[in-house]
Amino acid sequence: MLELKNVSFSYGELKVLDNFNLDVKKGECVCLWGKSGCGKTTALRIIMGLEKADSGLCLTPQKISCVFQEDRLINGLTLEKNIKLPLKREQYKKADMLIDKFGLAEFKNTRVSELSGGMKRRATIIRALSFEGDLLILDEAFNGIDAKMKEKIARVIKEEFLDNNKSVILVSHISSDAELLGARIIKM
Amino acid sequence: MTASITARNNKDIIKKASFAIIAVIFWIGLWWVASILIGEDLRLFLPSPFAVAKTLVSLVATKDFWTATLLTILRIFAGFILGAMAGIVSGMLTSHIKIADAILSPALKIIRAVPVVSFIILAFLFMSIDALPIFISFLMVTPLVWQSTHDALQNSCKELEEMGRVFKMGALAILFKIKLPSITGEIITALVTGLGFAWKSGVAAEVLYSPNISIGKNIYIAKANLDFSGVYAYTLTVVALSLVIEILLKRLCGRYLLNAERGKANA
Numbered sequence: 005m006l007e008l009k010n011v012s013f014s015y016g017e018l019k020v021l022d023n024f025n026l027d028v029k030k031g032e033c034v035c036l037w038g039k040s041g042c043g044k045t046t047a048l049r050i051i052m053g054l055e056k057a058d059s060g061l062c063l064t065p066q067k068i069s070c071v072f073q074e075d076r077l078i079n080g081l082t083l084e085k086n087i088k089l090p091l092k093r094e095q096y097k098k099a100d101m102l103i104d105k106f107g108l109a110e111f112k113n114t115r116v117s118e119l120s121g122g123m124k125r126r127a128t129i130i131r132a133l134s135f136e137g138d139l140l141i142l143d144e145a146f147n148g149i150d151a152k153m154k155e156k157i158a159r160v161i162k163e164e165f166l167d168n169n170k171s172v173i174l175v176s177h178i179s180s181d182a183e184l185l186g187a188r189i190i191k192m
Numbered sequence: 406m407t408a409s410i411t412a413r414n415n416k417d418i419i420k421k422a423s424f425a426i427i428a429v430i431f432w433i434g435l436w437w438v439a440s441i442l443i444g445e446d447l448r449l450f451l452p453s454p455f456a457v458a459k460t461l462v463s464l465v466a467t468k469d470f471w472t473a474t475l476l477t478i479l480r481i482f483a484g485f486i487l488g489a490m491a492g493i494v495s496g497m498l499t500s501h502i503k504i505a506d507a508i509l510s511p512a513l514k515i516i517r518a519v520p521v522v523s524f525i526i527l528a529f530l531f532m533s534i535d536a537l538p539i540f541i542s543f544l545m546v547t548p549l550v551w552q553s554t555h556d557a558l559q560n561s562c563k564e565l566e567e568m569g570r571v572f573k574m575g576a577l578a579i580l581f582k583i584k585l586p587s588i589t590g591e592i593i594t595a596l597v598t599g600l601g602f603a604w605k606s607g608v609a610a611e612v613l614y615s616p617n618i619s620i621g622k623n624i625y626i627a628k629a630n631l632d633f634s635g636v637y638a639y640t641l642t643v644v645a646l647s648l649v650i651e652i653l654l655k656r657l658c659g660r661y662l663l664n665a666e667r668g669k670a671n672a
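Residue numbers (this note's numbering), protein chains in the order written: chain A, 5 to 192; chain B, 406 to 672.
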């Protein structure tokens with residue numbers, strides 16, 4: 005499904021990844037664990053094709069869903085429009101279902117600037133889940149989300165991704181997030 | 406949630422209006438006191454607010470006043486709209502195409518730095534007097550809108566653009582669905598500022614070269630006749646028109662301006 009072999013990457017003089025290896029199998033959830041600045045987000049950016057590795061081999065799936073560390077929403081647009089912005093028409097139905105499921109139905113037409121941090125996070129998760137990539141990347145995705153909602157989201161991720169032989173890469177500082185998804189922890 | 410936001414907004418509007426009224430009363434009062442203190446001999450140059458109001462009322466009753474006002478609005482608006490369009494298009498070009506950036510950016514930076522009066526004097530050599538205020542307003546608005554569009558596209562859209570790329574959006578979809586909606590707030594803020602510049606510079610061009618029927622020509626004639634009440638009355642007209650058009654523009658684009666004030670994108 006995903007393989008990084010001896011991947012190295014530097015920002016100028018600063019070496020962020022040095023011969024980094026990662027192997028994620030189909031239907032597997034992996035949690036990248038490590039202190040700030042250890043290269044977790046850089047590894048994710050290389051996987052998503054947003055950065056090019058200086059050296060090494062990167063085999064990544066074509067279609068990747070991502071919940072970025074930042075919300076990456078447009079304040080001038082409503083919650084629904086933000087969620088559906090990158091989606092294709094056939095994915096709208098799923099988005100509507102998840103908006104309902106994650107308790108955002110009554111805020112569909114509210115501009116995101118008027119929503120709480122937790123609601124925005126849920127919106128970015130719905131956007132990623134509705135896109136139905138072969139790989140789901142969750143970069144600090146659960147920040148600001150309460151425990152009950154986390155469980156609900158984790159259930160959907162298991163059903164939609166892991167049970168369908170799709171993989172998940174999680175970055176989190178909270179060990180319970182990794183446990184929730186039954187993730188294999190990789191220390192960086 | 407919506408009801409509480411509406412109530413808060415109404416309260417804010419009343420508070421803002423009260424402060425605006427107090428400010429107007431304060432400055433008119435100060436003007437009145439100054440016109441009394443300056444003495445009879447110099448009052449010609451600083452007439453009282455009441456004398457100016459009287460002149461304004463008599464001007465408003467004439468057809469010439471409205472014709473001049475309408476033509477000045479049309480000239481300045483034409484320059485403003487052309488400048489806004491040129492600014493947005495050049496901002497999009499310079500933020501995406503390196504060679505366009507290399508060619509256009511220095512020119513626009515120079516235009517922004519050159520004193521407006523130099524342009525007014527030089528442009529006179531190449532165009533008709535009627536077209537001059539249009540051109541000068543255009544020149545004032547273009548670099549301002551260009552800079553805002555360019556900067557917004559360069560800096561604040563990067564993270565949203567990355568999101569679009571990861572979600573396999575095409576270049577055109579990224580431009581129209583992500584970039585333009587997310588920078589509308591910045592562009593409108595620049596347009597509101599540009600409108601003020603367009604008025605100031607456009608009327609200055611009219612005063613210097615006096616197109617046939619214009620507020621600028623009327624200001625010039627009033628000054629030549631030592632009718633300073635007239636100069637103040639026309640100046641107040643320009644200020645009032647500028648404010649009214651700014652308010653209309655803000656109302657028209659209020660939704661986006663609100664977003665711009667709250668911080669453009671949540672990236």
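From the three backbone atoms N, C-alpha and C, an ideal C-beta is built for every residue, glycine too.
Only a predicted model underlies this, so the values are computations on that prediction, with no experimental measurement involved.
query	result
Residue 25 (chain A) classed as buried or exposed, judged by whether at least 16 other C-beta atoms fall within 10 angstroms	exposed
C-alpha distance - residue 12 (chain A) paired with residue 41 (chain A), whole-angstrom precision	15 Å
Simplified DSSP state of residue 108 (chain A), which is helix, strand or coil	coil
Min CB distance residue 571 (chain B) to chain A below 7 Å	yes
Environment of residue 177 (chain A) [buried if 16+ CB atoms lie within 10 Å]	exposed
Cutoff 6 Å; reference residue 513 (chain B); Cβ partners in own chain excluding five residues on either side	548 and 551
Residue 540 (chain B) beta carbon less than 7 Å from that of residue 528 (chain B)	yes
Neighbour-count burial assignment, residue 553 (chain B), 16 or more Cβ in a 10 Å radius	buried
Burial state of residue 575 (chain B), where buried means 16 or more other Cβ atoms lie within 10 Å	exposed
Per-residue contacts from residue 587 (chain B) into chain A (C-beta, under 9 Å)	78, 79, 80 and 81
Segment contact, 8 Å Cβ cut-off, at least three pairs: the region 151-160 of chain A with the region 75-83 of chain A	no
Residue-level contact to chain A via CB, residue 565 (chain B), 7 Å cutoff	yes
Entirely enclosed alpha helix (DSSP H) segments - the region 462-505 of chain B, minimum 4 residues	468-501
Cα-Cα separation, residue 533 (chain B) to residue 599 (chain B)	23 Å
Cutoff 7 Å: residue 655 (chain B) Cβ touching any chain A Cβ	no
Nearest-angstrom Cβ-Cβ length linking residue 173 (chain A) and residue 20 (chain A), presumed shorter than 8 Å	The Cβ separation is near 17 Å, so there is no contact.
Contact set between residue 98 (chain A) and chain B, taken where Cβ atoms lie within less than 7 Å	Residues of chain B passing the Cβ test: none, with the nearest at roughly 14 Å.
Proximity test, Cβ basis, 7 Å: residue 52 (chain A) and chain B	yes
Residue 630 (chain B), DSSP secondary structure in three states	coil
CB contact check: residue 582 (chain B) to chain A, cutoff 7 Å	yes
Residue-chain proximity (residue 384 (chain B), chain A), Cβ-Cβ < 7 Å	Nothing about residue 384 (chain B) can be read from this structure; chain B reaches only from 406 to 672.
First and last residue of the uninterrupted alpha helix (DSSP H) at residue 86 (chain A)	83-88
Interface residues of the region 49-75 of chain A facing chain B [CB-CB below 9 Å]	49, 52, 53, 54, 66, 67, 68, 69, 70, 72, 74 and 75
Collapsed DSSP secondary structure at residue 1 (chain A) in the structure displayed	No information on residue 1 (chain A) is available, as it lies outside the stretch 5 to 192 that chain A covers here.
7 Å Cβ cutoff, residue 568 (chain B) in contact with chain A	yes
Proximal chain B residues relative to residue 135 (chain A), where beta-carbon distance stays under 8 Å	572
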